[in-house]
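Numbering (the UniProt record's numbering), first residue to last: 1 to 108.
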């Protein structure tokens, strides 16, 4: 299934369909992750960030040991902080250069 636009996640004993374009950030919680969406919903399920990043499409980037962001849903980036909707995410020094390079390719 190359070029998938969605995935199913198991949360609260049911499978939820999530479109990648609707995901804003993914926060690591140890062996669990918390997925935040554009409509301000949160889904928690069992998977580590390390496992998850390998299964996400190219638009997702790790910006901190605890955060993955969807680049298309970044509203602004200033002073090592990303704004994604109502959420502020700190960008770790080790990920900043890679993020800056990715964002520069999208500049007008």
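For every residue, glycine included, the Cβ atom is placed at its ideal position computed from N, Cα and C.
Small disclaimer: the values here were computed from a predicted structure and weren't measured.
Range of the contiguous beta strand (DSSP E) that encloses residue i
i: residue 17; result: 14 to 19
i: residue 11; result: 6 to 11
i: residue 3; result: That residue, residue 3, is in no beta strand (DSSP E); it is neither H nor E in DSSP.
i: residue 105; result: It is not in any beta strand (DSSP E) - residue 105 carries neither H nor E in the DSSP assignment.
Coarse secondary structure for residue i, derived from DSSP in three states
i: residue 75; result: coil
i: residue 24; result: strand
Buried or exposed (CB count within 10 angstroms, at least 16 for buried), residue i
i: residue 67; result: buried
Distance between residue j and residue i (C-alpha atoms, nearest Å)
i: residue 22; j: residue 37; result: 5 Å
i: residue 93; j: residue 79; result: 11 Å
i: residue 28; j: residue 48; result: 7 Å
i: residue 58; j: residue 104; result: 16 Å
i: residue 52; j: residue 61; result: 11 Å
i: residue 101; j: residue 95; result: 10 Å
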